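Residue numbers (this note's numbering): 184 to 524.
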């Protein structure tokens, strides 16, 4: 994958994330008007089964960090700066929305001291911004990435993929069978399993980068026949929509990435995905505030799923521009944090 391809993949991931969070619960149909139904389930809810934004973000991260590792640019010091910068941006978002919420909806914000601490550390983000659950395990994954790629170099990519797949599959099973039913997502042992749950997609991103370094990854026949790539992607989405199990998620993630590297995306679609990819981190951190307690009725007031989705994409994008501007004026002025060495 090229740098533009990883950015576009982030753009696809953020679109999936917004769609997933809007429509994964079919109860949204109680106050809106879905036009398409599959039996008694809104089609929008069925479509969310094909949305795996976290996996796509992890592939991009694995690819980028593997590239840094292969070019001797991956260090614990740089990753620590990266995580600090991510947290500072997260705290900026929280401070803005929680500050405004404390004035206009004080019944929800700022909450108890425990809620404040848990949300600002990322240990339990349910009180403010549930999608930010990804922040803490993602940060630990980035900090441990030098160790991960040393393991890859020592054992080989094939062994690393097999080991990561086993760890991820086992973690998925334990989370779904024991941790989730017990509502124990915020216990210390749950964090360990969540970390390993993320590992396979991260390694797949690294695998794509390793393959790119020794030669272009892909199948020439698919590059020459783009319609076949789109057809296979369509079949991939249909299959994902009607296989209601996360057990096959890692396999389908691999298939999507294999197809994606063959896509030739141009024109307005390319520009939109690149732009969304560049704003994806902030859109991830702000969108739940927008469709949740702040502008829930406004967003869902567009009534039809496509319009609801577009309204959240546009509003999240516009807010991300403002947040990134404020970040540049504050976090961007911290010299030592923005030096690459």
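From the three backbone atoms N, C-alpha and C, an ideal C-beta is built for every residue, glycine too. These numbers were taken from a predicted model, which means no experiment stands behind them.
Would you list the residues sitting across from residue 225 in a DSSP beta bridge?
-> By one-based count along the chain shown, residue 225 stands at place 42. Paired residues: 220.
Assuming residue 495 and residue 470 make a contact with CB atoms under 8 Å, what is their CB distance in whole Å?
-> In the chain shown, residue 495 corresponds to position 312, counting from 1. In the chain shown, residue 470 corresponds to position 287, counting from 1. 6 Å between Cβ atoms; contact.
Opening and closing residue of the alpha helix (DSSP H) in which residue 232 lies | Residue mapping note: residue 232 aligns to position 49 of the chain shown, counting from 1. First-last for residue 232: undefined, no H or E at that position.
Counting along the chain, where does the alpha helix (DSSP H) carrying residue 344 start and finish?
-> For the purposes of this step, residue 344 is identified with residue 161 of the chain shown, where counting begins at 1. Looking at the DSSP string, the run of the alpha helix (DSSP H) that includes residue 344 is 340-357.
Give the DSSP-derived three-state secondary structure of residue 289 in the structure shown.
-> Along the chain shown, one-based indexing puts residue 289 at 106. Here residue 289 sits in coil by DSSP.
Going by C-alpha distance, which of 460, 284, 321 is nearest residue 478?
-> By one-based count along the chain shown, residue 478 stands at place 295. It is 284 whose Cα lies nearest to the Cα of residue 478.
When 188, 231, 221, 216 are compared against residue 205, the one with the closest alpha-carbon | In the chain shown, the residue the question calls residue 205 occupies position 22. With distances taken between Cα atoms, residue 205 lies closest to 231.
Give me the Cα-Cα distance between residue 220 and residue 336, rounded to the nearest whole angstrom.
-> The residue you call residue 220 lines up with position 37 of the chain shown. The residue you call residue 336 lines up with position 153 of the chain shown. In a straight line, the C-alpha of residue 220 is about 49 Å away from that of residue 336.
Does the count of Cβ pairs from the stretch 291-298 and the stretch 483-503 closer than 8 Å reach three?
-> no
C-alpha gap between residue 407 and residue 417, whole angstroms = Here residue 407 is taken as the residue at index 224 of the chain shown, counted from 1. Here residue 417 is taken as the residue at index 234 of the chain shown, counted from 1. Whole-angstrom Cα-Cα distance: 18 Å.
Endpoints, alpha helix (DSSP H) assigned at residue 367 | One-based indexing of the chain shown puts residue 367 at position 184. Here residue 367 belongs to no alpha helix (DSSP H), and DSSP marks it neither H nor E.
For the alpha helix (DSSP H) that contains residue 187, what are its first and last residues?
-> For the purposes of this step, residue 187 is taken as residue 4 along the chain shown, with counting starting at 1. Per DSSP, residue 187 belongs to the alpha helix (DSSP H) from 186-206.
What do you get for residue 195, buried or exposed, if any count of 16 or more other CB atoms within 10 angstroms of its CB means buried?
-> Taking the first residue of the chain shown as position 1, residue 195 is located at position 12. Residue 195 is buried by the Cβ-count criterion.
So is residue 192 buried or exposed if we call it buried at 16+ other beta carbons inside 10 Å?
-> Walking along the chain shown from the start, residue 192 turns up at place 9. It counts as buried.
Got a sec? Which residues, its chain only, sit under 7 Å from residue 323 by beta carbon, not counting five neighbours each side?
-> What you label residue 323 is simply residue 140 of the chain shown in a count that begins at 1. Excluding residues within five positions, the ones whose Cβ falls inside 7 Å are 378.
Quick one: grab the DSSP three-state call for residue 244.
-> For the purposes of this step, residue 244 is taken as residue 61 along the chain shown, with counting starting at 1. Residue state, collapsed to three classes: helix.
State yes or no: is the C-beta of residue 436 within less than 8 Å of the C-beta of residue 235?
-> By one-based count along the chain shown, residue 436 stands at place 253. By one-based count along the chain shown, residue 235 stands at place 52. Against a cut-off of 8 Å, the Cβ pair of residue 235 and residue 436 comes out as a contact.
Taking the CB atoms as reference points, tell me whether residue 305 and residue 318 lie closer together than 8 Å.
-> By 1-based counting over the chain shown, the position of residue 305 is 122. By 1-based counting over the chain shown, the position of residue 318 is 135. Contact flag set, yes.
As assigned by DSSP and simplified to three states, the class of residue 378 | As a position in the chain shown, residue 378 is number 195, starting the count at 1. In this structure, residue 378 counts as helix in the three-state DSSP scheme.
State whether the stretch 505-516 contacts the stretch 258-273, with contact taken as three or more CB pairs (one from each stretch) at a distance under 8 Å.
-> yes
Please state whether DSSP places residue 336 in a helix, a strand or coil.
-> Residue numbering aside, residue 336 sits at position 153 when the chain shown is read from its first letter. Three-state result, residue 336: helix.
Return the chain-ordered ranges of every beta strand (DSSP E) run that is complete within the stretch 405-477 and spans a minimum of 3 residues.
-> none
Less than 8 Å separating the beta-carbons of residue 341 and residue 382?
-> By 1-based counting over the chain shown, the position of residue 341 is 158. By 1-based counting over the chain shown, the position of residue 382 is 199. No, the Cβ-Cβ distance between residue 341 and residue 382 is not below 8 Å.
What first and last residue would you give for the alpha helix (DSSP H) that runs through residue 518?
-> As a first step, residue 518 must be located in the chain shown, where it is residue number 335. Segment 518-521, the alpha helix (DSSP H) holding residue 518.
Distance CB(residue 375)-CB(residue 343) smaller than 8 Å = Your numbering for residue 375 matches position 192 in the chain shown. Your numbering for residue 343 matches position 160 in the chain shown. No, they are not a contact pair.
Are the CB atoms of residue 241 and residue 248 nearer to each other than 8 Å?
-> Within the chain shown, the letter at position 58 stands for residue 241. Within the chain shown, the letter at position 65 stands for residue 248. Cβ distance not < 8 Å, so residue 241 and residue 248 don't count as in contact.
Considering only the beta carbon of each residue, do residue 246 and residue 277 sit closer than 8 Å?
-> Working through the chain shown from its first residue, we reach residue 246 at position 63. Working through the chain shown from its first residue, we reach residue 277 at position 94. Taking 8 Å as the Cβ cut-off, residue 246 and residue 277 do not qualify as a contacting pair.
In whole angstroms, what separates the C-alpha of residue 449 from that of residue 392?
-> Here residue 449 is taken as the residue at index 266 of the chain shown, counted from 1. Here residue 392 is taken as the residue at index 209 of the chain shown, counted from 1. Taking the straight line from one Cα to the other gives about 22 Å.
Around the C-beta of residue 354, are 16 or more other C-beta atoms found within 10 angstroms, so that it is buried, or is it exposed?
-> The count along the chain shown starts at 1 and reaches residue 354 at position 171. Residue 354 should be labelled buried.
Looking only at C-alpha atoms, which of 394, 389, 209, 452 sits nearest to residue 331?
-> The residue given as residue 331 occupies position 148 in the chain shown. It is 389 whose Cα lies nearest to the Cα of residue 331.
Give me the Cα-Cα distance between residue 184 and residue 292, rounded to the nearest whole angstrom.
-> Taking the first residue of the chain shown as 1, we reach residue 184 at position 1. Taking the first residue of the chain shown as 1, we reach residue 292 at position 109. Answer to the nearest angstrom: the Cα atoms are 42 Å apart.
Backbone CA spacing between residue 432 and residue 423 [nearest angstrom] | Numbered from its first residue, the chain shown carries residue 432 at position 249. Numbered from its first residue, the chain shown carries residue 423 at position 240. If I take the Cα positions, the gap works out to 9 Å.
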